[in-house]
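Residues 89 to 1052, numbered by my numbering, are exactly what the sequence shown covers, in order.
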Amino acid sequence: MSPTSETAPRGRRLVIVESPAKAKTIKGYLGPGYTVEASVGHIRDLPSSAAEVPEAYKGKPWARLGVNVDEGFQPVYVVNADKKAQVKKLKDLLKESDELFLATDEDREGEAIAWHLEQVLKPKVPVRRMVFHEITKDAIQAAVNSPRELNKKLVDAQETRRILDRLYGYEVSPVLWKKVMPRLSAGRVQSVATRLVVERERERMAFRSAAYWDLEGVFATGRAGDASDPGTFGARLTTVDGKRVAQGRDFGSDGVLKQASASAGVLHLDEAAARTLAAALEDTSFAVRSVESKPYRRSPYAPFRTTTLQQEASRKLGFGAKATMQVAQKLYENGFITYMRTDSTTLSETAVAAARAQVTQLYGSEYLPDKPRQYAGKVKNAQEAHEAIRPSGDRFRTPAETGLSGDQYKLYDLIWKRTVASQMKDAVGQSVTVRVGGAASDGRDAEFSASGKVITFHGFMKAYVEGADDPNAELDDRERRLPQVAEGDALTAREISVDGHATKPPARFTEASLVKELEEREIGRPSTYASIIGTILDRGYVFKKGTALVPSWLSFAVVGLLEKHFGRLVDYDFTAKMEDDLDRIAAGQAQAVPWLSRFYFGEGGPEGAAAGGASAADAGNGDGDHLGGLKELVTDLGAIDAREVSSFPVGDGIMLRVGRFGPYVEKVIPGGGPDGADLQKRMDVPEDMPPDELTPELAQELLDKPSGERELGIDPESGHPIVAKNGRYGPYVTEVLPDGTPKTGKNAVKPRTGSLFKTMSPETVTLEEALRLLSLPRVVGVDPESGTEITAQNGKYGPYLKKGTDSRSLESEEQIFGITLEEAQKLYAQPKQRGRRAAAPPLKELGEDPVSGKPVVVKDGRFGPYVTDGETNATLRKGDEVESISQERAFELLAEKRAKGPAKKAPAKKAAAKKAPAKKTAGAKKATASSAKKTATKKAASTTKKTAAAKKTTATKTVDASVE
């Protein structure tokens, strides 16, 4: 780094932050003498494809990785193509500056961005590292006056993570391409997160429901009740003859009473036994057997950190993790909250004072504890954290004072309430349990129990109550008053009713509960969870059904392959230990290169060299046995059966297979085909069908549908069979090519296909109709004026005519085969219609959006159904159905779309100014001809060279699959 601030000259200062919005806010606080510019995130990274690898490294065995694994795991960094113009701008601004302030976020990622900026810009002026965790005038000015040095440990920690994730993604992802499907990805945390969702679905698939019954009684004291002392109360049967009545927790996932419960003598009532007991209790005299009262006390929740904010925003606002972080980012950049990527629950003295002041002002001194509350961090190896997420400044603005609206207002309100509540007194009260008993007419003793809670001082609950993942759970501020009774008091049973229950499979993860699970298992960093969930959704490994995360069959194939052949890489404990080791490297307690060497090459390192300074987890060695590294794992893929990893037995001889175009069920019927040959039946499975819903019965129903594949006859010209099918994008007809027809390469032959008209169906379409569809596009004739051919065809947006680049819509699909050249000419003679058609009525109405206050409806658009409030449009995702989409899901989609902001328009290309060609003399013409010849020869050679390079690039091309 450069000289300290005390010796640095004062003059023109360049301040670099990550985002333009942040730059705009900070500029307002710094004033003249400062230029504030954004890097717009990372300016350089590892190459994302073979084409980006510098020429000096092309041909190296490790080039595709972008990491020199043979020489100390040295990364190869390249300036991102879309950042070159910004880098040039920063360099130009730096030339005019006397000082450089690197003001990126104060975490690993921000420190790495600052280091990359210094490496690329190569400043010759003093460089300062300017850090702050809130964007207020005081905080920014304090940061300018108190710069520090770059923290190289944080930079090394981020670089080690980046290299690890690159090695993991770039070595494992190609295995998925070869054995499952192209364009898939694996990642250190994303694969483990996907496995969690898949394992939960497996539990649901293996689950067998159990039925159990109990009784519910309504008992009366005989006194007139009021709000403070109700005259009646409900109680549930708990024991019969001293034996506890079975509840849901007593049953296993197989639907059978657990051995421990059975051994303890738990009584399992079925419907008949419950009704018999209820009848025997009809005329029973009941009495209070015990009253147990305990003090109730509830302390406030800690201020938000990244993960708890994501969870609570999901529960209370319906925001996904990604939308929450996008809204929080805007609040931070505009100076409303402190930094939103933090593991900490601590508050600064300034923040505590501000919160306590507002408690007194808004709720009164009786709600303020004598001493400030302190919250210890619960996150292991917490870092990237200086303070909890809170309103910024030394005086908190109330939500009404902010001027915010929509999603930003709602999230700020949540953060403000949580922060203020964290400095309030406990809620106190009494919890009471009353037990009621009586003898049935058949001699059996029955005991009922009721619990109540009365809050005598609400404390922090006046400001805030946390939500719950279980929608049926009672919140902390829920009161239930019981009558004032004493032991021995006689009671009358107003009603004794039977109540049946069925055990439920474990609930699917939501974004909030998956974040909680990852954090509890100490997998990954909390600041990355939103991007990880976004990745597994975008990759098609998981889709949403309501708020639940449902794994696709594709994810079953991917996770199954990883579990069987790369078990350590998706082992939960192994992944958590890797996180510990990365933290040790960040703390300077371990070295990065030996650690990476063991992970990649194994215990001995390359060529058997010893590699110390790493834990057993470094090489995936969780049990002390010698195990190879990642390179060895991906070298021999012969043991991986591609068909096996993508096949799952459903039952009754039916297999679910994951194909390139989606999942399908398959069944072989011996002797069921012509001449006694085996018959193979297939049928696509709807991609939005949750795996636990695919029972053998449902799979058989799918196979029995006649629309699976119906042979229509033989094309008399080609001799190929013609079949009708139902595909991912609707019904269609196609020809069946002979076995051995090349499907890839230069000589590949593609079968002719044609989508069915809306008036056709796979069950009724004829061979004649199919051949007409396969003949499209149909030549209508040649336009006599232009000599251009006019064709009629069916497209994504309906039937149309095409003449060169000029297209005209047709009114119906039938016109494709009936329109004449004369009719086509008349259509082209009319002015082209550029206006929109009349808007179609909405498909569904969902009520008013809580943000905009406008009615939300579902409409059918060019790219499928979408929800809209008239201002914001959000396309329905996989798993969302028009018929079943809920208000909450629609509001969530709109919130996510708003958080992304408006789509950025591509910059308009400026037309190059044309110069009038200069007149050439005869000599000049000769010279030009000679020059042109040389240029042509040179271009031809260059083209040949580029083509060869392109082929090589294509052969080694890869995608960046190294997201955690």
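Ideal Cβ positions, reconstructed from N, Cα and C, are used throughout, including at glycine. Note that the structure is a prediction, hence the values are computed from the model and not measured.
Three-state class that DSSP yields for residue i in the structure shown
i      : result
VAL868 : strand
VAL103 : strand
GLN881 : strand
GLY828 : coil
LYS932 : strand
GLY701 : With a pLDDT of only 38 at GLY701, under 50, the local geometry of the prediction cannot be trusted, and the value read off the model is given with reservation. Three-state DSSP puts GLY701 in coil, outside helix and strand.
TYR888 : strand
HIS204 : helix
PRO758 : coil
GLY818 : strand
PRO737 : strand
ALA578 : strand
GLU901 : coil
GLU781 : helix
TRP405 : Contrary to the premise, residue 405 reads as Leu rather than Trp in this sequence. Note: LEU405 maps to helix in three-state DSSP.
ILE907 : coil
VAL263 : helix
ARG196 : helix
MET666 : helix
GLY257 : helix
TYR752 : strand
Nonlocal neighbours in the same chain, by C-beta distance under 6 angstroms from residue i, ignoring five residues either side
i      : result
LEU861 : VAL821, GLY842
PRO758 : ASP766
PRO108 : ALA126
ASP530 : ALA368
ALA443 : THR507, VAL508, GLN511
ALA416 : MET428
PRO30  : This structure cannot settle anything about residue 30, because the visible part of the chain is limited to 89 through 1052.
Presumed contact (8 angstroms Cβ cut-off) between residue i and residue j, rounded CB distance
i      : j      : result
VAL103 : THR123 : 7 angstroms
GLN162 : ASN168 : Incorrect: roughly 19 angstroms between the Cβ atoms, too far for contact.
ASP302 : VAL333 : 5 angstroms
VAL328 : GLY576 : Actually they do not touch by this definition, with Cβ atoms about 22 angstroms apart.
GLY257 : SER273 : 6 angstroms
LEU284 : GLU605 : 6 angstroms
VAL524 : ALA323 : 5 angstroms
MET743 : GLU732 : Rounded, the Cβ-Cβ distance is 11 angstroms, inconsistent with contact.
GLU599 : ILE624 : GLU599 to ILE624, Cβ: 11 angstroms. No contact.
ARG216 : PHE189 : 5 angstroms
ILE131 : VAL208 : 6 angstroms
ILE228 : TYR117 : 4 angstroms
GLY952 : VAL944 : In fact, because the Cβ distance is near 17 angstroms, the residues do not count as touching under 8 angstroms.
VAL520 : VAL379 : 7 angstroms
Proximal residues to residue i (C-beta, below 8 angstroms), its chain only, five neighbours per side dropped
i      : result
ALA727 : HIS653
LEU859 : ASP803, ILE810
ILE611 : VAL277, VAL280, ALA281, TYR660, THR663, ALA664, GLU667
GLN903 : ALA880, PRO887
GLN246 : ARG196, GLU197, GLU199, ALA200
Contacts around residue i, its chain only, beta-carbon distance under 7 angstroms, and the 5 residues preceding and following it disregarded
i      : result
TYR888 : GLN881, SER895, ARG896, SER897, LEU898
GLY160 : VAL681
ARG485 : PRO479
ARG249 : LEU670
PHE905 : ARG860, ARG866
VAL447 : TYR455, LEU456, VAL508, GLN511, MET512
For this session: Indicate whether the contact test is met: 3 or more Cβ pairs, each with one atom in the region 476–483 and one in the region 392–400, closer than 8 angstroms.
Result: yes
For this session: Mind listing, in chain order, the continuous alpha helix (DSSP H) runs of no fewer than 4 residues lying wholly within the region 272–341?
Result: 278–294
For this session: Just list the beta strand (DSSP E) runs in the region 98–173, keeping only unbroken ones of 3 residues or longer that don't cross its boundaries, in chain order.
Result: 101–105, 122–126
Exercise. Going along the chain, which unbroken runs of the alpha helix (DSSP H) with 4 or more residues stay wholly within the region 938–964?
Worked result: none
Exercise. Are the region 440–459 and the region 535–552 in contact at 8 angstroms, needing three or more beta carbon pairs?
Worked result: yes
For this session: Would you list, in sequence order, the uninterrupted beta strand (DSSP E) runs of no fewer than 3 residues that lie entirely inside the region 369–413?
Result: 374–386
For this session: Decide if the region 844–859 is in contact with the region 780–800; the criterion is three or more beta carbon pairs, one per stretch, under 8 angstroms apart.
Result: yes
Problem set entry | Every unbroken alpha helix (DSSP H) inside the region 592–657 [4 residues or more] | 599–608, 617–626, 641–653
For this session: Say whether the region 303–322 touches the region 577–596, bearing in mind that this needs 3 or more beta-carbon pairs closer than 8 angstroms, one atom from each stretch.
Result: yes
Exercise. If you scan the region 418–481 from start to end, which runs of the alpha helix (DSSP H) of 4 or more residues do you find wholly inside it?
Worked result: 437–451
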